[in-house]
Structure formats: structure tokens, C-alpha cells
Amino acid sequence: MDASEEGIPDKKSKKSCKYLEKWDSRMGLSHAFFKICSCDFSVSHGGRNDVSHHEKSTKHKRWLEAQKHAQTMSAFVTRNTTEADQVMNAEVKMAMLCARNNASITFCDDFHKCVAEMFPDSAIARKHSAGKTKSTQLIKGAIAAELDDELARTCRSQPFSLMCDESNNRRTDEEFVILTRLYDEATLQVATKFMEMPICNVGNAENLYEKLSEALRKRGIPWENLIAFASDNASVMKGRHNSVTSRLKTSQPHVQDLGCICHLAQLASGCAIQAAQVPVEDFLVGIDTHFDKSAKRCEIYKEFVDFTDSDHLQLLRYCSDRRLSLLTCVQRELNQWDALQS
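Each number in the working numbering comes from the position in the sequence shown (counting from 1) with 120 added on.
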């Protein structure tokens with residue numbers, strides 16, 4: 121049986137008699153301040169009775185009614201903040217799209233003007249204002265910094281490999297590219313990611329190793345997580361006594377020196393061609409020379425392509441300086457072999 125059924129009165133709640141400073145009026149103790157009306161009135165004669173009279177006044181009732189229908193500032197602030205975040209999200213995604221697809225950053229100047237015309241009913245499109253300058257700063261200052269922090273956290277927690285290469289001497293400043301090769305848990309694949317490209321005008325082993333060591337040190341990446349190192353086969357990188365690799369093994373003795381896979385493949389294929397005694401490179405150059413300067417031979421070749429029901433593909437020019445183009449040229453000649461034999 122509860123207290124109401126037994127007739128026991130409820131316990132009175134204790135009223136607080138503490139005076140609040142917000143009740144003070146700027147006009148002194150003889151006046152009171154009403155927050156709703158934002159006005160001071162005298163209570164020197166009737167005290168609490170003066171307050172009751174003010175509550176019944178027309179001015180107080182008008183302000184009280186207006187307050188009931190007024191919207192709070194939080195609603196406006198929340199909407200503007202959300203909309204601003206959506207605009208920033210669109211600008212960041214556009215900058216990432218240009219960076220990922222190697223698109224010209226000047227495209228953003230025309231895009232942010234065009235997107236407002238394409239979507240006139242969208243407030244986000246109207247406020248999209250990321251041109252080439254803002255997009256460049258988003259990529260360099262925000263996106264790059266976030267990706268660099270993510271890469272540093274990954275390298276600090278799991279094994280990884282390093283791949284390095286020097287730039288040529290065509291520019292005033294020479295650059296030293298540092299890439300990482302690691303397992304990406306987000307995509308469940310082994311990925312190659314960019315770490316840093318410092319300036320190194322004096323490309324000796326000591327300076328190159330110092331740039332590499334500084335890149336790991338400022339990210340807090342331990343040498344113990346490095347399992348392999350790949351670079352070109354130059355003596356400054358792969359020398360036995362005074363090279364980047366010899367210095368690197370002092371920091372991580374168990375690192376695997378892989379060398380340049382492309383150079384190794386080129387050396388292996390070159391030895392195989394010499395052993396087979398087939399002048400593949402001379403043959404490719406001869407075919408290109410045979411058809412390059414003669415329009416009549418090209419027309420005859422097209423007839424044989426139609427006769428042998430081969431694909432109409434252009435014969436590629438082989439360049440000995442581009443060793444990786446050899447495979448592409450050989451595959452193209454084999455595809456057109458029936459027409460060439462005819």
C-alpha cells in the first residue's frame with residue numbers, strides 16, 4: 121500500500137532561500153531586473169507585489185509571447201555548421217580526385233564556377249569555392265599531412281620495405297624519392313606509398329643515408345621494422361664499403377638488399393637474347409625503318425592486314441634507351457606477324 125492510499129501527506133520539498141546575483145539590477149537594490157523584458161522596475165514600495173504587477177503588464181505579456189515563438193540560436197548554429205562541413209567535404213573530395221588522377225589543378229578554377237550553375241538548387245554547390253589555390257593548399261596542408269600521419273602509424277606498427285631513387289641532373293635541385301612497400305589492411309593488398317622527396321644536391325652515400333634516416337626519425341619509425349631495401353644498382357647505393365646500403369646495415373643488420381628488379385630483369389633478358397643469337401633489337405628497328413618513310417609500303421601492308429584478317433594496329437618504334445619498351449614492341453610484332461610474313 122503506497123503513501124497516497126494511507127492518507128499520509130507527501131513530504132514538502134525544501135525551498136532554497138539563496139540569493140542569486142543575476143537578480144541584481146543595475147539601478148540598485150530598490151529595483152529588480154526582468155530577463156524576459158530586459159528592463160528594470162522599482163520594487164521599493166510593494167516589493168514582491170510590484171513584481172506581480174509587472175507580470176500582468178502589457179509589455180511583459182508581449183515579450184513573453186514573443187519568446188514562445190522565437191527560435192533558439194542553437195538551431196541556426198547547427199544548420200550552418202553542418203552545411204559548412206558538407207561544403208568543406210565536397211572541396212576536399214574534389215582536391216583528392218585531382219591528386220589521385222593526376223589531373224591539372226587549374227581545372228578546379230572552372231569546376232567550382234560550373235558546379236553552381238549545374239546544381240542551382242543546391243546550397244553546397246553554390247558555396248563551393250575551391251579553385252586552384254585553395255585546392256593546392258588542401259592537398260599540401262591537409263590531405264598530405266593526414267596521409268603522412270597514417271603512413272607513419274602503419275610503419276611504426278608493422279614491417280615494411282623501402283624503395284629509393286635519385287633524380288637526374290636536369291634541374292637545379294636534385295631530389296631523393298623515398299617510397300614504402302607494405303601490407304595495407306584497409307584494402308587487404310600490398311601497396312606502394314609515398315613517404316618523402318627531400319632535396320639532396322650532393323648525392324653521395326653519406327647525404328643520401330642522412331636524408332633517409334631523417335625521414336624515419338621525424339616520423340618515429342624504428343629501424344627494426346625495416347625488412348627490405350630496393351634501389352638502383354649504382355655504386356653509391358649498392359657499394360660494398362661506402363654506400364647507402366652499407367650504412368643502412370649498421371642500423372638494421374637483418375635488412376634484405378633486393379636491388380633494382382627492373383635492372384635485374386633487363387640483365388637477364390639481355391643475356392637470354394645473346395645466348396639465343398637472335399638480333400631482336402635490330403629486327404625491330406629494321407621493320408620500323410622499312411615502313412616509316414614509304415607511304416606505298418604502308419598501303420601494301422594494310423592490304424595484307426585485311427587479307428590475313430589481322431588487327432589494324434600501328435607498328436611501334438623501338439627505342440633502345442627505353443629497355444622496358446622491348447616487350448611491348450615484340451608483342452605488337454607478334455600480333456602482326458601473319459601480315460608481316462605475307
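Glycine included, every Cβ here is placed at the ideal spot set by N, Cα and C.
Since this is a predicted model, take the numbers as computed values, not measurements.
Checklist entry - In whole angstroms, what is the alpha-carbon distance linking Y329 and T428? => result 58 Å
Item to check | Nearest-angstrom Cβ-Cβ length linking H248 and A210, presumed shorter than 8 Å | outcome: 6 Å
Item to check | 8 Å Cβ shell around Q278 - same chain, five flanking residues per side excluded | outcome: L302, Y303 and N345
Checklist entry - With respect to the alpha helix (DSSP H) encompassing S255, which residues constitute its N-terminal and C-terminal limits? => result K252 to Q257
Checklist entry - With C-beta atoms as the reference, is D170 less than 9 Å away from A186? => result no
Checklist entry - With burial defined as no fewer than 16 other Cβ atoms inside 10 Å of the residue's Cβ, what is the status of M315: buried or exposed? => result buried
Checklist entry - Buried or exposed: K188, going by 16 or more other Cβ atoms within 10 Å of its Cβ? => result exposed
Next on the checklist: On the criterion of 16 or more Cβ atoms from any shown chain inside 10 Å, does T312 qualify as buried, or is it exposed?
Outcome noted: exposed
Next on the checklist: Between the alpha carbons of A350 and S414, how many angstroms are there, rounded?
Outcome noted: 46 Å
Next on the checklist: Using the Cβ count rule (16 or more neighbours within 10 Å means buried), how would you classify C391?
Outcome noted: exposed
Checklist entry - Using the C-alpha atoms, what's the distance from L384 back to N455? => result 27 Å
Checklist entry - Among residues of its own chain, excluding the 5 on either side of L433, which ones have a beta-carbon nearer than 8 Å to its beta-carbon? => result R452, N455 and Q456
Checklist entry - Who are the near neighbours of A262 in its chain, counting only those whose CB is closer than 6 Å to its CB and skipping five residues on each side? => result none
Checklist entry - Pick from V400, E270, G340 and N327: whose alpha carbon is nearest that of S470? => result With the chain covering only 121 through 462, there is no way to say anything about residue 470.
Next on the checklist: Between the alpha carbons of C228 and S255, how many angstroms are there, rounded?
Outcome noted: 7 Å
Checklist entry - Using DSSP with H/G/I as helix, E/B as strand and the rest coil, what is S355? => result helix
Checklist entry - Short check: CB of V400 to CB of L332, under 9 Å? => result no
Checklist entry - Between which two residues does the beta strand (DSSP E) harbouring V405 extend? => result Per DSSP, V405 belongs to no beta strand (DSSP E); it is in the alpha helix (DSSP H), V400 to D412.
Checklist entry - What are the residues that DSSP puts in a beta bridge with R301? => result S281 and T312
Checklist entry - Which one or two residues does DSSP pair with S366 in a beta bridge? => result DSSP lists no partner for S366.
Checklist entry - Under 9 Å, do C157 and H173 count as touching if we go by C-beta distance? => result no
Next on the checklist: Pull the bridge partners of C159 from the DSSP assignment, please.
Outcome noted: F154
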